[in-house]
Amino acid sequence: MVDLTQLNPRQREAAKYVDGPLLVLAGAGSGKTSVITRKIAYLIDACGIKPHHIAAVTFTNKAAREMKERVAALTGKGGARGLTVSTFHNLGLNIIRQELATAGYKAGFSILDQDDCRGIIRDVMQREHGDDGDMVELVQNTISNLKNDLITPADAIHQAQSQQEMLIAQTYSIYQRMLKAYNAVDFDDLIMVPTLLFRDHPEVLVRWQKKIRYLLVDEYQDTNTSQYEMVKLLVGHRTGLTVVGDDDQSIYAWRGARPENLSLLKQDFPTLKIVKLEQNYRSTGLILNAANRVIDNNPHEFQKRLWSDMGYGDPIRILKCRNDEIEAERIASEIVERRLRYGAGYKDFAVLYRGNHQSRMMEMKLQAFQVPYKISGGQSFFGRNEIKDIMGYLRLLINPSDDAAFLRIINTPRREIGPTTIEKLSEYAMKRGTSMLSATTEMGLEQLLTPKAVDRLRRFGHWLAGITRNAYADDAIAAIKEMLEDIDYEGHLAQSSATPNQAERRMKNVWFLVDSIQKMIDKAEEVGDEVTIEDAVGKLILRDMLEQQENEDESDQVQLMTLHASKGLEYPHVYIVGMEEELMPHRNAIEADTIEEERRLMYVGITRAKRSLTLTYAGKRRQYGDVSDTTHSRFLDELPPDDIEWEGKTETTPEQQKQRGQETLAGLKNLFGDL
DNA sequence: TCTTGGTCCTTTTTT
DNA sequence: AGGACCAAGA
């Protein structure tokens, strides 16, 4: 039986309340994951709900994985078998897979990432409006927003108020048709398609309502309209809903999140019960106080006051550095020193920043100090050309209609198939209503193309068909390896890379990708599941499972990540760097007047720290190629001055700096003797 | 078709 | 500073 005695009274109340819809307002570090996981165990053990009737939805793969592990630990081996814990996008993917026909897709459909989508939109706009590409990003964002708001192309055309809106709506409409033709969905479709399916097909909805009898949603403040609609439809008039959220940690409004969904719950579920978790188990008093003070500058729908009984702890430090290089150096050297002083591991330190590009300098300096580090997130891996290429091949293996993938790889590595050939092929395919891949082996091409070109296309088509057969017939991994051999991808990298070193690194990435798929298949076999290539590629695109591998080698490394990526995580020692106006808060946020969201981001960053928090800024920063003066962030002035050690606010003389250095050295000698 | 060199633009955050 | 994109030449 579940043990709820480790929970505090509020937490226990939240875990045990199953008689109606429940909103848990969980402040940072208030143990909400404990509540969710124990509640799941309670539902299984005490309420007799079968695990396969329970679904917990999160926003990141990391959170989903952690939750799964913790539930497994509570319920014992197999006790949670059949339980669904996944991201919204993953859940959506599964729904579409199981409702393929109704949803209007074919097996093996592709999931396109933003780059792929942008390419399609660019083509559409080019073709339809002769647009030069300046509008593409705007249009892409707008389409994404429309989808997040559950607005279909027809709705959009109907609603359009201006010429520009009409243009976007039409582009949206064509774009959506092209996706269908490619048998592909984008990220937003993973939410919108299932939701529309539920809305328009009652029999489908009933099926899923029968399956999911209890729904738990984490980070509710991050849901968008479409996601909320899905939740409402799934729950219907029943009582099985628990949502957990914190309006102060809403940092995804820019991608369509509606923090007001928290307050909408009260209207949509009149019997809603609200439980607040206000005790923080993570941070020292001074850190928490600082966080509270900062967030006090924002308006609040739900009042809450976080408190902690962990003692006051060390003051928060603000370090002014001469420039960004010195800033990074300072942090790197401090980590070296503090690791010894506190007997801490590298993994106890996190360096947080606003934008991914800020990791560069930090990386350089950590290397210089021989500090092991890990950068998480960033587009780094999937943004790489070699990965996009191979993913293109994989997508084409499982979805021959994926013209976007076809276009990416048809001439990579070089097959002497140029723009003219591709253009003609595309026209032909369009006329015949087939995909470009299947058009390559059709007879009608002779009329349009030179025999040479026809031959090259045909060879490609037949070759890929062969690989596909192998991939499905027996060992998929072997087929993929064979494919890499056939196209001599290594050779391609060797001659397209600047240095042999770079080529080697790229090839390593490719192998990493292949290994990931391999591992995934192996792992599933262990548990007795079967993983198709479709599953594997889907997971890859949704960024699932990569971190898993990273986590497996629980290595001792300093963690580098964006403030966004840090949500939900905690570290004993946290550095937040680049605390400057125009950087944090970001210039665009200042211009767009979304300071409140930036402040929440600051709040998220501060509340990651358990024991020590250090904020740094640089007086001069190298940016866009040249050096500019900076102003320290307004958020620094919002911190409680009495709890702050602000070094460098008033100019320190070189003597003072020297003295500080000697004090540090003396401290080290005290601790470790003369080295 | 491929390579080269020049220009211009960038840097917000992610499933 | 670094990368993407494009025009012109081999």
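Just so we're aligned, residue 1 is where the first sequence starts under full-length UniProt numbering, counting upward by one.
Heads up, the beta-carbon is just placed ideally off N, CA and C, and yes, glycines get one too.
Bear in mind that the values here come from a model prediction, so they are computed numbers and not experimental data.
Residues that DSSP places opposite residue i in a beta bridge
| i | result |
| --- | --- |
| S110 | A184 |
| S612 | H573 |
| K232 | Answer by DSSP bridge pairing: none, since K232 is not bridged. |
| W646 | I318 |
| residue 689 | The chain is shown from 1 up to 675; residue 689 falls before or after that span and cannot be answered. |
| A26 | L277 |
| S226 | Paired residue(s): none; S226 is not in a bridge. |
| Y214 | I54 |
Reduced DSSP category for residue i - H, G, I as helix; E, B as strand; rest coil
| i | result |
| --- | --- |
| residue 711 | It is not possible to answer for residue 711, since the shown part of the chain is limited to 1 through 675. |
| M579 | coil |
| K567 | coil |
| G392 | helix |
| R415 | coil |
| Q176 | helix |
| R127 | helix |
| A350 | strand |
| I375 | strand |
| T562 | strand |
| S496 | helix |
| V102 | A small fix is needed here, since residue 102 is Thr in this sequence, not Val. Helix at T102. |
| Y603 | helix |
| H586 | strand |
| S426 | helix |
| S86 | strand |
| P21 | coil |
| D674 | With a pLDDT of only 49 at D674, under 50, the local geometry of the prediction cannot be trusted, and the value read off the model is given with reservation. D674 falls in the coil class under three-state DSSP. |
| P641 | helix |
| R543 | coil |
| residue 683 | Here the chain has residues from 1 to 675 only, and residue 683 is not among them. |
| T532 | coil |
| V2 | coil |
| A328 | helix |
| Q370 | coil |
| D556 | coil |
| T171 | helix |
Chain-order list of residues whose beta-carbon lies under 8 Å from that of residue i (same chain, five-residue window excluded)
| i | result |
| --- | --- |
| T102 | L197, H201, V204 |
| D674 | Confidence in D674 is poor, its pLDDT being 49 and thus under 50, which makes the residue's placement too unreliable to answer from. |
| F460 | I410, R415, I417, T440 |
| Y346 | I335, R339, V371, P372, Y373, D556, Q557, V558 |
Cβ neighbours of residue i in the same chain (closer than 6 Å, five flanking residues each side left out)
| i | result |
| --- | --- |
| T223 | N261 |
| N323 | A618, K620 |
| A476 | I533 |
| Y603 | D248, A291, V294, I295 |
| P153 | Y172, S173, Q176 |
| H89 | L190, L542 |
Sequence-distant residues of the same chain with beta carbon closer than 7 Å to residue i, five excluded per side
| i | result |
| --- | --- |
| S438 | P400 |
| T225 | N148, D149, L150, R258 |
| C47 | V18 |
| Y489 | P413, V510 |
| A41 | V2, V71, L74, T75 |
| S110 | Y182, N183, A184, R395, N399, D402, A405 |
| Y393 | I409, M483 |
| Y38 | Checking the sequence shown, residue 38 turns out to be Arg, not Tyr. So the qualifying residues of the chain are V2, L4, L7, A15, L74. |
Please give me, in chain order, every unbroken run of the alpha helix (DSSP H) with length at least 4 that falls completely inside the stretch 33 to 78.
Listed in chain order, they are 61 to 75.
Quick one: complete alpha helix (DSSP H) runs, 4+ long, within the stretch 235 to 316?
Correct list: 261 to 268, 285 to 295.
Check whether the stretch 42 to 57 and the stretch 75 to 86 are in contact - that is, three or more C-beta pairs closer than 8 Å.
Yes, the stretch 42 to 57 touches the stretch 75 to 86.
Quick check on the DSSP output: what are the complete alpha helix (DSSP H) runs of length 4 or more inside the stretch 434 to 478, in order along the chain?
Contiguous alpha helix (DSSP H) elements confined to the stretch 434 to 478 occur at 436 to 439, 451 to 473, taking only those with 4 or more residues.
Taking one C-beta from the stretch 304 to 322 and one from the stretch 272 to 287 each time, how about it: are there three or more such pairs within less than 8 Å?
Output reads yes: the stretch 272 to 287 touches the stretch 304 to 322.
Unbroken alpha helix (DSSP H) runs of length 4 or more, entirely within the stretch 142 to 169: which are they?
The qualifying runs are 153 to 159.
Is the number of C-beta pairs between the stretch 587 to 604 and the stretch 245 to 255 that are closer than 8 Å three or more?
Cβ pair count under 8 Å is three or more, so yes.
Decide yes or no for the touch test of the stretch 566 to 573 against the stretch 603 to 610: beta carbon pairs closer than 8 Å, at least 3 of them.
In short, these stretches touch, since the Cβ pair count reaches three.
The stretch 502 to 522 touching the stretch 478 to 487, judged by at least three CB pairs closer than 8 Å:
Two segments are said to touch when three or more pairs of C-beta atoms, one from each, lie closer than 8 Å; by this definition the stretch 502 to 522 touches the stretch 478 to 487.
Does the contact criterion of 3 or more C-beta pairs under 8 Å hold for the stretch 628 to 635 versus the stretch 579 to 598?
With a cut-off of 8 Å, the stretch 579 to 598 and the stretch 628 to 635 count as touching, because enough Cβ pairs lie within range.
The stretch 418 to 431 / the stretch 442 to 459 touching (three or more Cβ pairs under 8 Å):
Flag = yes, the stretch 418 to 431 and the stretch 442 to 459 touch.
Assess, as a yes-or-no matter, whether the stretch 240 to 248 is touched by the stretch 13 to 28 under the definition of 3 or more beta carbon pairs within less than 8 Å.
Result yes; three or more Cβ-Cβ pairs closer than 8 Å.
Hey, is the stretch 64 to 82 in contact with the stretch 361 to 374, meaning 3+ C-beta pairs nearer than 8 Å?
Touching, no, given that fewer than three Cβ pairs across the two stretches are closer than 8 Å.
Three or more C-beta pairs under 8 Å: does that hold for the stretch 100 to 115 against the stretch 182 to 199?
The answer is yes - the stretch 182 to 199 touches the stretch 100 to 115, with three or more Cβ pairs under 8 Å.
Does the structure place the stretch 636 to 644 close enough to the stretch 313 to 323 that three or more beta carbon pairs sit under 8 Å?
Yes, the stretch 313 to 323 is in contact with the stretch 636 to 644.
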